[in-house]
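Engineer:
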Amino acid sequence: MSNVIELKNVAKYYEMGEEIVKALDKINIKIKKGDFVAIMGPSGSGKSTGMNLIGSLDYSTKGEIYLEGENIEDLTESELAQIRGKKIGFIFQSFNLIPTLTALENVMLPMTFQGVEKEERVEKAKKLLKLVELEDRINHYPNQLSGGQQQRVAIARSLANDPEIILADEPTGNLDTKTGEIVIEFLEKLNKENKTIIIITHDPDLAKNHANIIYWLKDGTIEKVTQKIKNSWKVINS
Amino acid sequence: MISDYFSFALKNLKYRGLRSWLTMLGIFIGIAAVVSLISLGTGLQTAVTGQFSTLSVDTLTINNQGTGFGPPGSTSVVKLNNHDLKLVESNSGVKLAISRLIRIVSVEFNGVREFKYIGSVPENSEERKFVYDSLGVNVQEGRLLENGDYGKIVVGNDFTDENVFEKEIRVGTKLKINGKDYEVIGILEKGSSFTINSVVFMLDGDMKNLLDIGDEIDMIVAQVENKNDVEKVAKSLEEDFLKDRNLKVGEEDFAVQTPLQAISGVNNVLNIINLIVGGIAAISLLVGGIGIMNSMYTSVLERTGEIGIMKAVGAKNGDVLIIFLIESGLLGLVGGIIGAILGLGMAFGVASIAGAALGGIDLGVKISYPLLFGAISFSFFIGILSGVLPAMQAAKLNVVDALRS
Numbered sequence: 001m002s003n004v005i006e007l008k009n010v011a012k013y014y015e016m017g018e019e020i021v022k023a024l025d026k027i028n029i030k031i032k033k034g035d036f037v038a039i040m041g042p043s044g045s046g047k048s049t050g051m052n053l054i055g056s057l058d059y060s061t062k063g064e065i066y067l068e069g070e071n072i073e074d075l076t077e078s079e080l081a082q083i084r085g086k087k088i089g090f091i092f093q094s095f096n097l098i099p100t101l102t103a104l105e106n107v108m109l110p111m112t113f114q115g116v117e118k119e120e121r122v123e124k125a126k127k128l129l130k131l132v133e134l135e136d137r138i139n140h141y142p143n144q145l146s147g148g149q150q151q152r153v154a155i156a157r158s159l160a161n162d163p164e165i166i167l168a169d170e171p172t173g174n175l176d177t178k179t180g181e182i183v184i185e186f187l188e189k190l191n192k193e194n195k196t197i198i199i200i201t202h203d204p205d206l207a208k209n210h211a212n213i214i215y216w217l218k219d220g221t222i223e224k225v226t227q228k229i230k231n232s233w234k235v236i237n238s
Numbered sequence: 001m002i003s004d005y006f007s008f009a010l011k012n013l014k015y016r017g018l019r020s021w022l023t024m025l026g027i028f029i030g031i032a033a034v035v036s037l038i039s040l041g042t043g044l045q046t047a048v049t050g051q052f053s054t055l056s057v058d059t060l061t062i063n064n065q066g067t068g069f070g071p072p073g074s075t076s077v078v079k080l081n082n083h084d085l086k087l088v089e090s091n092s093g094v095k096l097a098i099s100r101l102i103r104i105v106s107v108e109f110n111g112v113r114e115f116k117y118i119g120s121v122p123e124n125s126e127e128r129k130f131v132y133d134s135l136g137v138n139v140q141e142g143r144l145l146e147n148g149d150y151g152k153i154v155v156g157n158d159f160t161d162e163n164v165f166e167k168e169i170r171v172g173t174k175l176k177i178n179g180k181d182y183e184v185i186g187i188l189e190k191g192s193s194f195t196i197n198s199v200v201f202m203l204d205g206d207m208k209n210l211l212d213i214g215d216e217i218d219m220i221v222a223q224v225e226n227k228n229d230v231e232k233v234a235k236s237l238e239e240d241f242l243k244d245r246n247l248k249v250g251e252e253d254f255a256v257q258t259p260l261q262a263i264s265g266v267n268n269v270l271n272i273i274n275l276i277v278g279g280i281a282a283i284s285l286l287v288g289g290i291g292i293m294n295s296m297y298t299s300v301l302e303r304t305g306e307i308g309i310m311k312a313v314g315a316k317n318g319d320v321l322i323i324f325l326i327e328s329g330l331l332g333l334v335g336g337i338i339g340a341i342l343g344l345g346m347a348f349g350v351a352s353i354a355g356a357a358l359g360g361i362d363l364g365v366k367i368s369y370p371l372l373f374g375a376i377s378f379s380f381f382i383g384i385l386s387g388v389l390p391a392m393q394a395a396k397l398n399v400v401d402a403l404r405s
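Going down the list, the sequences are from chains S and B.
If you're matching positions, the first sequence starts at 1 in our numbering and goes up one per residue.
If you're matching positions, the second sequence starts at 1 in our numbering and goes up one per residue.
(1) Are the CB atoms of PHE187 of chain B and VAL171 of chain B nearer to each other than 8 angstroms?
(2) How about MET1 of chain B: is its C-beta nearer than 8 angstroms to some C-beta of chain S?
(3) Looking only at C-alpha atoms, which of B:ASP4, B:VAL35, B:ASN12, B:PHE6 sits nearest to GLY374 of chain B?
(4) Could you have a look at ASP133 of chain B and say whether DSSP puts it in helix, strand or coil?
(5) For PHE95 of chain S, does the three-state DSSP call read helix, strand or coil?
(6) Give me the Cα-Cα distance between ARG404 of chain B and LEU397 of chain B, rounded to the nearest whole angstrom.
(7) Using beta carbons (cut-off 8 angstroms, strictly below), is ALA281 of chain B in contact with chain S?
(8) Against chain S, does GLU306 of chain B count as a neighbour if the rule is that its beta carbon must be under 8 angstroms from one of theirs?
(9) Who are THR226 of chain S's beta bridge partners in DSSP?
(10) Mind checking LYS195 of chain S: buried by the 16 CB within 10 Å criterion, or exposed?
(11) List, in chain order, every chain S residue whose beta-carbon is nearer than 8 angstroms to that of GLY329 of chain B.
(12) Please confirm whether ALA315 of chain B has its beta-carbon closer than 8 angstroms to some beta-carbon of chain S.
(13) Just by C-beta distance, which residues in the segment 110-122 of chain S are closer than 8 angstroms to chain B?
(14) Do the segment 163-175 of chain S and the segment 194-209 of chain S make contact, defined as three or more Cβ pairs closer than 8 angstroms?
(15) What does ASP319 of chain B touch in chain S if you count any residue whose Cβ is under 7 angstroms from its own?
(16) Got a sec, what are the start and stop residues for the beta strand (DSSP E) LEU131 of chain S sits in?
(17) PRO390 of chain B: buried (16+ other C-beta within 10 angstroms of its C-beta) or exposed?
(18) Below 8 angstroms on the Cβ atoms is my contact criterion, and I expect ILE338 of chain B with MET202 of chain B to pass it. Report the Cβ-Cβ distance as a whole number of Å.
(19) Here's the rule I'm using: 16 or more other beta-carbon atoms within 10 Å means buried, otherwise exposed. How should TYR15 of chain B be labelled?
(20) By Cβ distance below 6 angstroms, which residues in the same chain neighbour LYS176 of chain B in space, the five residues on each side in sequence not counted?
(21) For the pair the segment 3-10 of chain S and the segment 64-82 of chain S, tell me if three or more CB-CB distances fall below 8 angstroms.
(22) How about ILE31 of chain B: is its C-beta nearer than 8 angstroms to some C-beta of chain S?
(23) List the endpoints of the continuous beta strand (DSSP E) containing LYS62 of chain S.
(24) Flag LYS190 of chain B as yes if its beta-carbon sits less than 8 angstroms from any beta-carbon of chain S, otherwise no.
(25) On the criterion of 16 or more Cβ atoms from any shown chain inside 10 Å, does GLY288 of chain B qualify as buried, or is it exposed?
(26) Run through the DSSP bridge pairs and tell me what ASP181 of chain B is partnered with.
(27) With a 10 Å radius around its C-beta and 16 neighbouring C-beta atoms as the bar for buried, classify GLU15 of chain S as buried or exposed.
(28) Specify, as a first and last residue, the run of the alpha helix (DSSP H) that LYS33 of chain S falls within.
(29) Cβ of ARG152 of chain S less than 8 angstroms from any chain B Cβ?
(30) Which stretch, first to last residue, makes up the beta strand (DSSP E) that contains TYR13 of chain S?
(31) At 9 angstroms on the CB atoms, spell out the chain B contacts of ASP58 of chain S, in chain order.
(32) Quick one: is ALA282 of chain B buried, meaning 16 or more other Cβ sit within 10 Å of its Cβ, or exposed?
(33) For LYS152 of chain B, which beta-bridge partners are listed by DSSP?
(34) Do three or more CB pairs link the segment 23-43 of chain S to the segment 78-91 of chain S at distances below 8 angstroms?
(35) Note down the Cα distance separating GLN150 of chain S from ILE98 of chain S, rounded to an integer number of angstroms.
(36) Just reading off the beta strand (DSSP E) that ALA160 of chain S is part of, what are its end residues?
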């Protein structure tokens, strides 16, 4: 099976004045279609930088990043935005809904940027909000919704363009345990429908309970990769 | 797509509420000033030149004037007389010279007394025709004064207004002028000049008797032989008068005026007013534009996170640019529309007040659609122009940095 996302010997350095900080170094990640991947690491391990690179939000300093076989270095910022909008759905820790738009309009937003006709957009957005059980909240603004409801709107938004990949950055970080579980259940359900799910988290239990492959990050490099085979975790690469 | 961006922009402006209105204040004032100035300016110019259009281009007027030495009122005004009329007639450039009397008299009718201008009409039929022609008067009812029409008068159109004497004045009505009865034999058509609209015309002889005027003339009207020589004849008449009265240049106690001088004098004043109000409008629009720019920069800063989200879910740099440009353009557009409405309101308000003050003359303010369209598109353009730099800043934001904020 082909890789939907592949990072080949990727590094990301930041210049801090005179000093060069190596946020990530020698990163090799292969994500296959239908995987449920967790990128695990404590704060400062380079998780966020990793998420930006995996999500094609940023270019690497060294190495190559392939999104469905295409090297993103070859694309301009705007081309990358278009492809990213189509192939990757984002879920953020702080929901990141646009406050001036209703739930329905927030879900329609990624389709707007792909130039989808309005009728189709409305219909699709309603369907997605029904999927996350918010069909009675479509005209509510984010500040009229609870945290869990906002995150479900964000899930609906991430599905707007039928992406292959859902990338969730600490999706339960701002939620209580119970609503967090509901959100994760939605992600599992999507994974069963053969969507590739990538979650970035600092919570080993969350990673172990739901993912089937975990990349353990430490100090900017991959410490180990573990895979769940028949309910037991095996180190497949170190 | 673009319609969606419009709705984004509108939602954002609504979200910012009062701040959006305050941002548009400068544009309101600027556009209101431009629209009211231009609407009123053309109306005013027409009205003012209308006052003078009753003077023909081949006609000079000679008036007496204070000498300008000493405090006002201390100098005696030398009246024009028949000797001066002969002096004007004797100038080779002059074809016809006519004496006119213009006074203020009390007019009584239906128990109401009003003070009105009265103007003399020459006894000589050739001279009379010239006066009628150069003033451009015609009757709406009855007829103009002819030879031997003593005891008769022709009145301006304003006399038909029932509000003045509380009773309609028609041909045949008798008016008491300075205590003597005169019969109205004609009513003039409504003209562009308010003096003509409220004037009483009377034959020269009648007027001299009524007001007991001897050898005195208020104004000499001279028609020149060749209308291209108007300025030259005016100059030579000035010299004749100086010589006749033994005066030096600068001591003139008379004024020779060409119609062009009169109009250009007024136009100069109008132009200065236009320039001042136009300057205020330009400054106001500049400040308004800077206000929009400032507001848009603030908006970009406040919405950095949103810009990051939009880019993460697929917005190209161009999309972000257009969204912000539309928003600033809308600030200009809405500001322009409201400013134009305010400006029109101001123009009509000023016109009705000034019109009433000038004796019911119509300043002719009309709604000019090209002007409104022009002013509104201009303010839309200012909005967009002011938004260019902030929108570029928004479009260039790095996704990762924007998301982090």
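The beta carbon of each residue, even a glycine, is placed where N, CA and C say it ideally should be.
Structural biologist: According to the structure data:
(1) For this step, residue 187 of chain B is matched to residue 187 along the second sequence. For this step, residue 171 of chain B is matched to residue 171 along the second sequence. Before going on, a small fix: residue 187 of chain B reads as Ile here, not Phe. Yes, the pair counts as a contact, with Cβ atoms nearer than the cut-off.
(2) Start at 1 with the first residue of the second sequence, and residue 1 of chain B comes out as number 1. Closer than 8 angstroms to some Cβ of chain S, the Cβ of MET1 of chain B qualifies, so yes.
(3) Taking the first residue of the second sequence as position 1, residue 374 of chain B is located at position 374. Closest option to GLY374 of chain B, Cα to Cα, is B:VAL35.
(4) For the purposes of this step, residue 133 of chain B is identified with residue 133 of the second sequence, where counting begins at 1. Looking at ASP133 of chain B - three-state DSSP - the assignment turns out to be helix.
(5) Walking along the first sequence from the start, residue 95 of chain S turns up at place 95. DSSP places PHE95 of chain S in coil when its eight states are reduced to three.
(6) As a position in the second sequence, residue 404 of chain B is number 404, starting the count at 1. As a position in the second sequence, residue 397 of chain B is number 397, starting the count at 1. Cα to Cα, the separation comes out at about 12 angstroms.
(7) As a working mapping, residue 281 of chain B is identified with position 281 in the second sequence. No, its Cβ sits nowhere closer than 8 angstroms to a Cβ of chain S.
(8) Here residue 306 of chain B is taken as the residue at index 306 of the second sequence, counted from 1. Yes, GLU306 of chain B counts as interfacial toward chain S.
(9) Taking the first sequence and counting its residues from 1, the one referred to as residue 226 of chain S is at position 226. According to DSSP, which records beta bridges pairwise, THR226 of chain S is partnered with S:ILE214, S:VAL235.
(10) In the first sequence, the residue the question calls residue 195 of chain S occupies position 195. When all chains shown are included, LYS195 of chain S counts as buried.
(11) For this step, residue 329 of chain B is matched to residue 329 along the second sequence. The contacting residues do not exist; GLY329 of chain B stays about 18 angstroms from chain S at best.
(12) Within the second sequence, the letter at position 315 stands for residue 315 of chain B. Chain S contact via Cβ: present.
(13) PRO110, THR112, PHE113, GLN114, GLY115, LYS118
(14) Taking 8 angstroms as the limit for Cβ pairs, the verdict is that the segment 194-209 of chain S does touch the segment 163-175 of chain S.
(15) Numbered from its first residue, the second sequence carries residue 319 of chain B at position 319. What ASP319 of chain B touches in chain S: PHE113.
(16) In the first sequence, residue 131 of chain S corresponds to position 131, counting from 1. It is not in any beta strand (DSSP E) - LEU131 of chain S instead sits in the alpha helix (DSSP H) that spans 118-131.
(17) If you number the second sequence from 1, residue 390 of chain B lands on position 390. PRO390 of chain B comes out buried.
(18) What you label residue 338 of chain B is simply residue 338 of the second sequence in a count that begins at 1. What you label residue 202 of chain B is simply residue 202 of the second sequence in a count that begins at 1. In fact, because the Cβ distance is near 54 angstroms, the residues do not count as touching under 8 angstroms.
(19) The residue you call residue 15 of chain B lines up with position 15 of the second sequence. Answer is exposed; the Cβ neighbour count stays below 16.
(20) Counting from 1 along the second sequence, the entry for residue 176 of chain B is found at position 176. Only GLU108 meet the Cβ criterion.
(21) yes
(22) Working through the second sequence from its first residue, we reach residue 31 of chain B at position 31. Under the 8 angstroms criterion on CB atoms, ILE31 of chain B is classed as non-interfacial with respect to chain S.
(23) Here residue 62 of chain S refers to the residue found at position 62 of the first sequence. Counting along the chain, LYS62 of chain S sits inside the beta strand (DSSP E) bounded by residues 62-67.
(24) The residue labelled residue 190 of chain B in the question sits at position 190 within the second sequence. Not an interface residue.
(25) Taking the second sequence and counting its residues from 1, one reaches residue 288 of chain B at position 288. The residue in question, GLY288 of chain B, is buried, as its Cβ has 16 or more Cβ neighbours within 10 Å.
(26) The residue labelled residue 181 of chain B in the question sits at position 181 within the second sequence. Within the DSSP secondary-structure output, ASP181 of chain B pairs in a beta bridge with B:LYS176.
(27) Within the first sequence, numbered from 1, the residue matching residue 15 of chain S stands at position 15. In this structure GLU15 of chain S is exposed. Its beta-carbon is surrounded by fewer than 16 other beta-carbon atoms within 10 angstroms.
(28) By one-based count along the first sequence, residue 33 of chain S stands at place 33. That residue, LYS33 of chain S, is in no alpha helix (DSSP H); it is neither H nor E in DSSP.
(29) Working through the first sequence from its first residue, we reach residue 152 of chain S at position 152. With 8 angstroms as the cut-off, ARG152 of chain S does not count as an interface residue toward chain B.
(30) Within the first sequence, numbered from 1, the residue matching residue 13 of chain S stands at position 13. Per DSSP, TYR13 of chain S belongs to the beta strand (DSSP E) from 3-16.
(31) The residue given as residue 58 of chain S occupies position 58 in the first sequence. Those are ASN398, VAL399, VAL400, listed as they occur along chain B.
(32) The residue labelled residue 282 of chain B in the question sits at position 282 within the second sequence. It counts as exposed.
(33) On the second sequence, residue 152 of chain B is found 152 positions in, with the first residue counted as 1. In DSSP, LYS152 of chain B forms a bridge with B:GLU183.
(34) no
(35) Residue numbering aside, residue 150 of chain S sits at position 150 when the first sequence is read from its first letter. Residue numbering aside, residue 98 of chain S sits at position 98 when the first sequence is read from its first letter. Approximately 11 angstroms between the Cα atoms of the pair.
(36) By one-based count along the first sequence, residue 160 of chain S stands at place 160. Element bounds for ALA160 of chain S: n/a, residue is neither H nor E.
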